[in-house]
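All residue numbers for the sequence shown refer to this note's numbering, where the first residue is 24 and numbers rise by one. Quick notes on the structure that follows.
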Amino acid sequence: MSQVFDTPISLTDARTGRRVRVQQLPAGSALVAAPEPILGYTYQRGHLTVYVSGTMPPQLRTAEQEGCLEQEVLLVPVLPAGIREIDLTDCRREFHLLLPQAA
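Okay, structure coming up:
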């Protein structure tokens, strides 16, 4: 399942330093401060929230708590025992997006 965002989100490409506008996150995408593979994401009410490894039990993630699992995209078969949610809409200056290289 793939979800296209209502409006493109402007992020910084970690390889080039240039701004890129994305409407979805492909499998293999990562966040860079220290590269963290994106495990899944949800886009709701104008906010892009990505999941990376962390300590929070996945059943406490916002999409599940708010009953919005149909808007969630998992990039791994099953979320690990611990995740961290990052609202990229609010933190886009702190993280750069590392898209997978074309094959």
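Ideal Cβ placement from N, Cα and C applies to all residues, glycine included. A quick note: this is a predicted structure, and the numbers were derived from the prediction, not measured.
Residue i - containing beta strand (DSSP E), residue span
i    : result
T35  : I32 to T35
T39  : Taken as a continuous stretch (DSSP letters only), T39 belongs to no beta strand (DSSP E), as it is neither H nor E.
Q67  : G63 to Q67
E117 : No beta strand (DSSP E) contains E117, which DSSP labels as neither H nor E.
E95  : E95 to L97
G105 : Segment: none, G105 is in no beta strand (DSSP E) and carries neither H nor E.
Proximity winner among the options, relative to residue i (alpha-carbon distances)
i    : options               : result
F118 : F28, E59, Q26 and G51 : E59
G51  : L111, A104 and L98    : L98
G69  : Q94, G63 and P81      : Q94
L121 : C114, D36 and Q46     : D36
V55  : E87, G40, Q47 and C91 : G40
Delimiting residues of the alpha helix (DSSP H) encompassing residue i
i    : result
Q88  : T85 to Q88
T112 : L111 to C114
Residue i vs residue j beta-carbon contact at 8 Å
i    : j    : result
T78  : E108 : no
Y66  : Q26  : yes
P103 : S76  : yes
I106 : P81  : yes
R44  : I32  : yes
G63  : V101 : no
Assigned exposure category for residue i - 16 Cβ within 10 Å defines buried
i    : result
R116 : exposed
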